[in-house]
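One structure is given below, encoded as structure tokens.
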Amino acid sequence: MTITLIIIFILFLVLVFVLVDRMLEVLKQQQYHDAIQEDRFMKIVDIIFNDFFEWKRWRKYLSVGIIILITVFGLGFLFVQYSLPRVPALPELSIDHGDTTLLKRGKYLVEHVAICTDCHSPRDVSRYSWPVVPGQEGAGGPFLSQKAGFDFPGESFTPNVTPAGAVGGWSDEELYRLLTSGIRKDGSTVNHAMPFEAFGQADPEDLKAIIVYLRTLKPIDNQPAGETSIDFFYQLTNKLIPRKPNPIYLSSLKNAVDSGRYLVTIAACNDCHTPKKWDDSFDMERAFMGGLEFPMPTGGFTHSANLTPDESGLGDWNEDTFVNRFRSFRDSTALYTVAQNSVNSLMPWSAYRNMTDVDLKSIYAYLTTLKPIYNPVVKFTKQSLKTKNRSKTDG
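Under the working numbering, the first residue of the sequence shown carries the number 571, and numbering increases by one thereafter.
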């Protein structure tokens, strides 16, 4: 979006330059020069450009300047388009796919923390929190859609990550690189909806565990109903994102707060609870303040919760309240069929509900250390708050 505005601004400058130049050429004609002596405004324009700025002398410098500016932007575009991102070398891995400890850890991470299967599976959007359709774990499906009202630059379909999908033919090293840098086997980039920056901070052993478990998913012969189509300039800026993993080792976690920070990171909680800046990076000055809006297929709009310890967020929650909130969804009746235009949620309770109490308590411990931010969030509205705010502004 920002690059688009810059290009439009440059074109605007060129247009203004041409129009002003043409206008001054006309003013040089004797009949117009005599006529504008009676027009105060045009007389001032004539003095400014022809006398003070000596337009004729400066015109060539402006022309050269604009040409240089366009050339620089053009070369920059070509560099980004064809030279970035720098594709990291494949890591050297040794994974024991028969390690039951890795398998168990991988299952837990894939289904309840990193929740790979939540995004890469068809979901029952008629039920509260959109649980995964049973038996379709990892089969891929529709994800974020600009047409459906999501604040996303295009249409996104998650690929099949079962052994029957394309990644089933990838090496462990190629899959590891994808998870940590967002680079596919062919060197192309995945869109930023895939939280590779978060996964790039995971302990390498956890990433190996994820790979081990993904290899054991039931093969499902399924291809998404559509192809991912992302806005061109978003693809361009996506190439600028750093691709170097920065792992956090489990051995470095000294207490519950450290563990909670780690879990919140690899669970990509920022994605839904932290607003972004103009360059699509997270605005960490407003970290976890919530309020992001998501359209519901059942009608209405849900808004992510404020997770900071402010009174408008989790300020009056204790540890038991927090843990019990997740536990409450272990009762399958909590994932009920939602009536049209009734309260729904994008929060994947059906996945997070089976996190261990120890991990949930660690997450709570970390959230209490965040900077409190006052941001009362209306959980669900039938009308978009963006529309309401826009109407107030227009009024």
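No residue lacks a Cβ here, since even glycine has one placed at the ideal position from N, Cα and C.
Candidates Val680, Pro815, Cys686, Val702: which alpha carbon is nearest Ser902's?
For the purposes of this step, residue 902 is identified with residue 332 of the sequence shown, where counting begins at 1. With distances taken between Cα atoms, Ser902 lies closest to Val702.
Round the Cβ separation of Val908 and Gly757 to the nearest angstrom and send it over; I've been treating them as touching at under 8 Å.
Counting from one through the sequence shown, the residue named residue 908 turns up at place 338. Counting from one through the sequence shown, the residue named residue 757 turns up at place 187. About 42 Å; that fails the 8 Å criterion.
Euclidean distance between Cα positions of Asn816 and Val634:
Residue 816 sits at position 246 when you count from the first residue of the sequence shown. Residue 634 sits at position 64 when you count from the first residue of the sequence shown. Computed Cα separation, rounded: 44 Å.
Residue span of the beta strand (DSSP E) that contains Leu714, given as start and end
Position 144 of the sequence shown, counted from the start, is the residue given in the question as residue 714. First-last of the beta strand (DSSP E) with Leu714: 711 to 715.
Please confirm if the stretch 844 to 858 is in contact with the stretch 908 to 927, defined as three or more CB-CB distances below 8 Å between the two stretches.
These segments do not touch.
Under 6 Å Cβ to Cβ from Ala857, same chain only, skipping five residues before and after it: list those, please.
Residue 857 sits at position 287 when you count from the first residue of the sequence shown. Non-local C-beta neighbours of Ala857 in its own chain, meaning closer than 6 Å and more than five positions away in sequence, comprise Thr844, ordered along the chain.
Count Cβ pairs between the stretch 667 to 683 and the stretch 781 to 799 that sit closer than 8 Å; are there 3 or more?
Counting Cβ pairs under 8 Å, three or more are found: they touch.
Where the alpha helix (DSSP H) containing Thr732 begins and where it ends:
Locating residue 732 in the sequence shown gives position 162, counting from the first residue. That residue, Thr732, is in no alpha helix (DSSP H); it is neither H nor E in DSSP.
Roughly how many angstroms separate the alpha carbons of Pro774 and Ile943, rounded to a whole number?
Counted from its first residue, the sequence shown places residue 774 at position 204. Counted from its first residue, the sequence shown places residue 943 at position 373. Roughly 33 Å between the two C-alpha positions.
Same chain, Cβ closer than 7 Å to Asp791, neighbours up to 5 away in sequence not counted:
In the sequence shown, residue 791 corresponds to position 221, counting from 1. Excluding sequence neighbours, Asp791 sits near Ala734.
Go through its chain and collect everything with a Cβ distance to Arg923's Cβ below 6 Å, but skip five positions before and after it.
Stepping through the sequence shown from its first residue, residue 923 is reached at position 353. Apart from the 5 residues on each side of it in sequence, Arg923 sits with its Cβ closer than 6 Å to the Cβ of Phe896, Phe899, Arg900 in its chain, given in chain order.
Quick check on the burial criterion: 16 or more other C-beta atoms within 10 angstroms. Buried or exposed for Lys717?
Translated into positions along the sequence shown, residue 717 becomes position 147. Exposed: under 16 other Cβ atoms inside 10 Å.
Starting from Gly724, trace the alpha helix (DSSP H) in both directions and tell me its first and last residue.
Reading the sequence shown from its first residue, position 154 is the one you call residue 724. Careful: Gly724 lies outside any alpha helix (DSSP H), inside the beta strand (DSSP E) at 724 to 728.
Output the distance between the C-alpha atoms of Asp927 and Gly644, rounded to the nearest integer angstrom.
As a position in the sequence shown, residue 927 is number 357, starting the count at 1. As a position in the sequence shown, residue 644 is number 74, starting the count at 1. Rounded to the nearest angstrom, the two C-alpha atoms are 54 Å apart.
Can you check DSSP and say which residues form a bridge with Lys846?
As a first step, residue 846 must be located in the sequence shown, where it is residue number 276. Phe852.
I need the DSSP call for Pro865, collapsed to helix, strand or coil.
For the purposes of this step, residue 865 is taken as residue 295 along the sequence shown, with counting starting at 1. Here Pro865 sits in strand by DSSP.
Cutting at 7 Å between CB atoms, please list the residues of its own chain near Leu639, excluding the five before and the five after it.
Here residue 639 refers to the residue found at position 69 when the sequence shown is read from its first residue. Excluding residues within five positions, the ones whose Cβ falls inside 7 Å are Ile580.
For the beta strand (DSSP E) containing Thr872, name the first residue and the last one.
Mapped onto the sequence shown, residue 872 falls at position 302. Start and end: 871 to 873.
Along the chain, where does the alpha helix (DSSP H) that runs through Ser932 open and close?
For this step, residue 932 is matched to residue 362 along the sequence shown. Start and end: 927 to 937.
Among the residues of its own chain, which have a CB less than 7 Å from the CB of Ser932, if the five just before and after it don't count?
Within the sequence shown, the letter at position 362 stands for residue 932. These residues qualify, in order along the chain: Ala826, Ser829, Gly830, Leu833.
Am I right that Gln1054 and Ile836 are in contact with their C-beta atoms under 8 Å? What's the rounded C-beta distance?
Outside the shown range of the chain, which is 571 to 965, sits residue 1054, and nothing can be said about it.
What's the gap between the Cα of Leu583 and the Cα of Phe803?
Locating residue 583 in the sequence shown gives position 13, counting from the first residue. Locating residue 803 in the sequence shown gives position 233, counting from the first residue. Approximately 21 Å between the Cα atoms of the pair.
Check whether the stretch 647 to 663 and the stretch 739 to 758 are in contact - that is, three or more C-beta pairs closer than 8 Å.
Taking 8 Å as the limit for Cβ pairs, the verdict is that the stretch 739 to 758 does touch the stretch 647 to 663.
Given a threshold of 16 other Cβ atoms within 10 Å of its Cβ, counted over all protein chains shown, does Val737 qualify as buried or as exposed?
The sequence position of residue 737 within the sequence shown is 167, counting from 1. So Val737 counts as buried.
Taking the straight line between their C-alpha atoms, what separation do you get for Pro723 and Asn808?
For the purposes of this step, residue 723 is identified with residue 153 of the sequence shown, where counting begins at 1. For the purposes of this step, residue 808 is identified with residue 238 of the sequence shown, where counting begins at 1. The alpha-carbon atoms of Pro723 and Asn808 are separated by roughly 11 Å.
Relative to the C-alpha of Lys814, which residue among Ser699, Ala921, Leu749 is closest?
Start at 1 with the first residue of the sequence shown, and residue 814 comes out as number 244. For the set Ser699, Ala921, Leu749, the Cα lying nearest the Cα of Lys814 is the one of Leu749.
For the stretch 793 to 842, list the alpha helix (DSSP H) runs that are entirely contained and at least 4 residues long, ordered along the chain.
Qualifying alpha helix (DSSP H) stretches, in chain order: 802 to 808, 826 to 836.
Can you give me the Cβ contacts of Cys686 inside the same chain, cut-off strictly under 6 Å, excluding the 5 residues immediately before and after it?
As a position in the sequence shown, residue 686 is number 116, starting the count at 1. So the qualifying residues of the chain are Val680.
At 3 residues or longer, and completely inside the stretch 644 to 674: list those beta strand (DSSP E) runs for me, N to C.
Inside the stretch 644 to 674, DSSP marks no whole beta strand (DSSP E) run of 3 or more residues.
Residue environment, Ser699, which counts as buried when at least 16 other CB atoms sit within 10 Å
Position 129 of the sequence shown, counting from 1, holds the residue named residue 699. With 16 or more Cβ atoms within 10 Å of its Cβ, Ser699 is classed as buried.
Is the beta carbon of Gly705 sitting closer than 8 Å to the one on Asn730?
Here residue 705 corresponds to residue number 135 of the sequence shown, with the count starting at 1. Here residue 730 corresponds to residue number 160 of the sequence shown, with the count starting at 1. Asn730 is positioned such that its CB atom lies no closer than 8 Å to that of Gly705.
For Ile636, which residues does DSSP report across the bridge?
Within the sequence shown, residue 636 is the residue found at index 66, counting from 1. Answer is none; Ile636 lacks a bridge partner.
If you reduce the DSSP assignment to three classes, tell me which class Arg785 lands in.
On the sequence shown, position 215 is the one that residue 785 refers to. The answer is coil: DSSP assigns Arg785 none of H, G, I, E or B.
If we call anything under 8 Å between Cβ atoms a contact, is Thr728 one with His690?
Here residue 728 refers to the residue found at position 158 when the sequence shown is read from its first residue. Here residue 690 refers to the residue found at position 120 when the sequence shown is read from its first residue. The answer is yes: Cβ separation under 8 Å.
Please check the pair Pro879 and Leu937, which I expect to be a contact at CB under 8 Å, by giving their CB distance rounded to whole angstroms.
As a first step, residue 879 must be located in the sequence shown, where it is residue number 309. As a first step, residue 937 must be located in the sequence shown, where it is residue number 367. With 8 Å as the limit, Pro879 and Leu937 qualify as a contact, their Cβ atoms being about 7 Å apart.
If you run the structure through DSSP and keep just helix, strand and coil, what is Ile753?
Taking the sequence shown and counting its residues from 1, one reaches residue 753 at position 183. Ile753 falls in the strand class under three-state DSSP.
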